[in-house]
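Below is one structure, written out as structure tokens; comments come after it.
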Amino acid sequence: MITKRVIPCLDVDNARVVKGVSFVNIQDAGDPVELAKMYSDEGADELVFLDITASEQGRETMRNLVREVAKVINIPFTVGGGIKDLNDARALLLNGADKVSINTAAVNNPSLIKDLMRIYGKQCVVVAIDAKRNYDLKHRKNVIKTDKGRCWFEVYIYGGKKATGIDAIEWAKKVERLGAGEILLTSIDNDGKKDGYDLILTKAISHAVNIPIIASGGCGKPKHMLDVFREAGADAALAASIFHYREYTIQEVKRYLKRNNVIVRL
Amino acid sequence: MILIFDYGAGNIFSLKSAIERLNANVKVVNSLDESFDGLILPGVGNFDPAMRSIRKYKKIIEEAVRSEVPILGICLGMEMLFNKSEEGRLKGLSILDGEVTILPEKRVKIPHMGWNNLLISKDSKLLKGLKNNSWLYFVHSYRVKPKNKSIVVGEAEYGIRFPVVVEYKNLFGTQFHPEKSEKNGEIILRNFIEMCRK
């Protein structure tokens, strides 16, 4: 039986791990290579690095960092953030990333998904979808009932700064058709708040496609992971601050999940 | 020297690092013009482009299999050893008889991505020291169907039960990625390196 995956996410800015609340308010949380090695040794199922550096110089730093991380870990390793084209993706894959995660570039140029898939195979292509609830329902197809009223899920790009008007459910189906191997789904509403994942969003996307979904945004305790696996059909759950600030270790989270009958690698 | 053949598509660095951590001499190559004590066909890329880059070395690989030089095909690297694959139009290396088909899409999510337990079906040189039900990391959409069932030494279950480790003399194939499978993967790579040293 395949396990559910527990994935620590490292947001990296200028070679330091940082973590913000709802995509702003960034705080320093440590050395990325050290943290990566620690998580790998502790039993993380995968690692995700998101490069939030804006500068070109920062990109180069990131490539070197990816190489340093790939030298010391032996679990799968996804790198995303700022990938604009095939060349950016290639540079990361050649430096030791197993998968690349694309977001803004995929929205601006969906054929990038297909191009990546053709060269590197589906397994390399993660499409990150940052979604936010929108309660303005004019002409909307995928309207979903929530505790706060009826809404649809809108795709955001540029690190949560720009709304696109694109429906996240339709977009998820499209990226699957184009050749994405996995979707990294982040709830902008819940990100950094530690109140749990957006279960309604995760469930809607998980039902719409037949590729694995990594749920992200809002994990504050192991129970939140249990909920997103059990109630929303996520295949993997991503978390940042609960691990970085040592509120819980990976092992603690996994033991909790196992006690609650979730299949995990322990 | 262990060679890793690079089809020019994707992350070879992790595999190279994993072998180096086990203190073996390893080199990434894009031709097979030099001699080798072991050969690894890695598991990143797409069937047709990868076949295009390696098919001219079919004879060299066949000769290595005959003289029992250890060869390890990982994921796509194993799939290419067979006659053909539903992922591509080109012919495979046809070193092992059988074909490669897509996993049963209706029942499970594709790709099969994540950690799954290995069901060891018989004694194997490659899996020596590995416990039954060990967790290994998979990421693939296709599966191999060897004609000769006796080469299958390990299976996994995902929608259906299917072969994930094949072994024929010193030719080995794994559907999972040992270089991404933490300590269990290390056991397998160490076994392979040991065979290359003999």
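Chains as they are written, first to last, in our numbering: chain R, 1 to 266; chain P, 1001 to 1198. The C-beta atom is built at its ideal place from N, Cα and C for all residues, glycine as well.
Cys-9 (chain R) has a beta carbon lying at 8 Å or more from every beta carbon in chain P. In the three-state reduction of the DSSP assignment, Asn-109 (chain R) falls in the coil class, being assigned neither a helical nor a strand state. Contact between Trp-1115 (chain P) and Leu-1096 (chain P) is ruled out by a C-beta separation of about 26 Å, above the 8 Å threshold.
Proximity of chain R to Pro-1111 (chain P) at the Cβ level (cut-off 8 Å) is accounted for by Lys-122, Gln-123, Gly-181, Glu-182, Ile-211, Pro-212, in chain order. Here Met-1113 (chain P) carries a strand assignment [DSSP, helix/strand/coil]. At least one C-beta of chain R is nearer than 8 Å to the C-beta of Ser-1014 (chain P). Per DSSP, reduced to three states, the secondary structure at Thr-146 (chain R) is strand. Note on geometry: alpha-carbon atoms of Gly-121 (chain R) and Ile-1193 (chain P) lie some 27 Å from one another. With a beta-carbon spacing of about 24 Å, Asn-190 (chain R) and Gly-181 (chain R) fall beyond the 8 Å limit used to define contacts. With contacts defined as CB atoms closer than 8 Å, Ile-213 (chain R) and Leu-185 (chain R) qualify as a contacting pair. A distance below 8 Å separates the beta carbons of Leu-116 (chain R) and Cys-124 (chain R). Exposed is the label assigned to His-207 (chain R), since fewer than 16 other Cβ atoms lie within 10 Å of its Cβ. Under a criterion of Cβ atoms nearer than 9 Å, no residue of chain R is adjacent to Glu-1155 (chain P); the nearest Cβ is some 13 Å distant.
For Arg-177 (chain R), the enclosing alpha helix (DSSP H) has its first and last residue at 168 to 178.
Taking the C-beta atoms as reference points, Phe-1005 (chain P) is found no nearer than 8 Å to Asn-95 (chain R). In terms of Cα proximity to Phe-1082 (chain P), the closest of P:Thr-1174, P:Val-1029, P:Arg-1107 is P:Thr-1174.
Interface with chain R (8 Å Cβ-Cβ cutoff): Gly-1088 (chain P) is excluded. Residues of the segment 122 to 151 of chain R with a C-beta atom less than 9 Å from some C-beta of chain P are Lys-122, Gln-123, Cys-124, listed in chain order. Rounded to whole angstroms, the separation of the alpha carbons of Pro-110 (chain R) and Leu-178 (chain R) is 8 Å. In this structure Ala-131 (chain R) is in contact with Ser-187 (chain R), their Cβ atoms being roughly 6 Å apart against a cut-off of 8 Å. The three-state reading of DSSP puts Ala-15 (chain R) in coil, since its state is none of H, G, I, E or B.
By the criterion of a C-beta distance shorter than 6 Å, Thr-78 (chain R) is surrounded in its chain by Val-48, Lys-99, Ser-101, Val-126, once the five residues flanking it on both sides are discounted.
Assignment of Ala-97 (chain R) by DSSP, reduced to helix, strand and coil, places it in the coil class. Membership of Leu-1171 (chain P) in the beta strand (DSSP E) is indicated by the continuous run 1171 to 1174.
For the pair Thr-61 (chain R) and Tyr-39 (chain R), the Cα-to-Cα distance works out to about 21 Å. Taking 7 Å as the upper bound on Cβ-Cβ separation, chain R lies near residues Ala-1009, Gly-1010, Asn-1011, Phe-1013, Ser-1014, Ser-1017, Ala-1018 of the segment 1002 to 1026 of chain P.
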